[in-house]
Amino acid sequence: MSLVIRGNKRMKSGTSRLFELQPDPYDTTQKRFFRVCLFADVKNASELRQALVDGSIDAALIRPELVRASRIELKLDG
Numbered sequence: 001m002s003l004v005i006r007g008n009k010r011m012k013s014g015t016s017r018l019f020e021l022q023p024d025p026y027d028t029t030q031k032r033f034f035r036v037c038l039f040a041d042v043k044n045a046s047e048l049r050q051a052l053v054d055g056s057i058d059a060a061l062i063r064p065e066l067v068r069a070s071r072i073e074l075k076l077d078g
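At position 56 of the sequence shown the residue is numbered 56 (the UniProt record's numbering), and the sequence of numbers has no breaks.
Laid out in structure tokens, this is it:
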């Protein structure tokens with residue numbers, strides 16, 4: 001499964017974007033989607049981290065300053 005994002009558009013805080021994954025580029029029936037949301041000045045990061053550990057939310061949290069590229073390629077095995 002792969003996703004390629006090109007461009008250098010920055011997201012503003014409080015916005016979200018929906019991206020499409022297509023496991024097989026020749027089979028359009030296998031589409032999957034994921035949403036990216038950007039938040040600034042998060043005050044409850046430790047509570048969110050604990051909710052991830054507990055399994056009470058289904059999400060992934062990353063620090064946005066660690067992602068800095070004009071081209072991002074995401075490959076998922078599965």
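Even for Gly, the Cβ is constructed at its ideal location relative to N, Cα and C.
{"Asked": "Beta-carbon proximity of residue 36 to residue 17, cut-off 8 angstroms", "Found": "yes"}
{"Asked": "Within the segment 28-68, ranges of the beta strand (DSSP E) (whole runs, at least 3 residues)", "Found": "32-37"}
{"Asked": "Nearest residue (CA-CA) to residue 45, options 62, 22, 21 and 34", "Found": "62"}
{"Asked": "Alpha-carbon spacing of residue 57 relative to residue 47, whole angstroms", "Found": "11 angstroms"}
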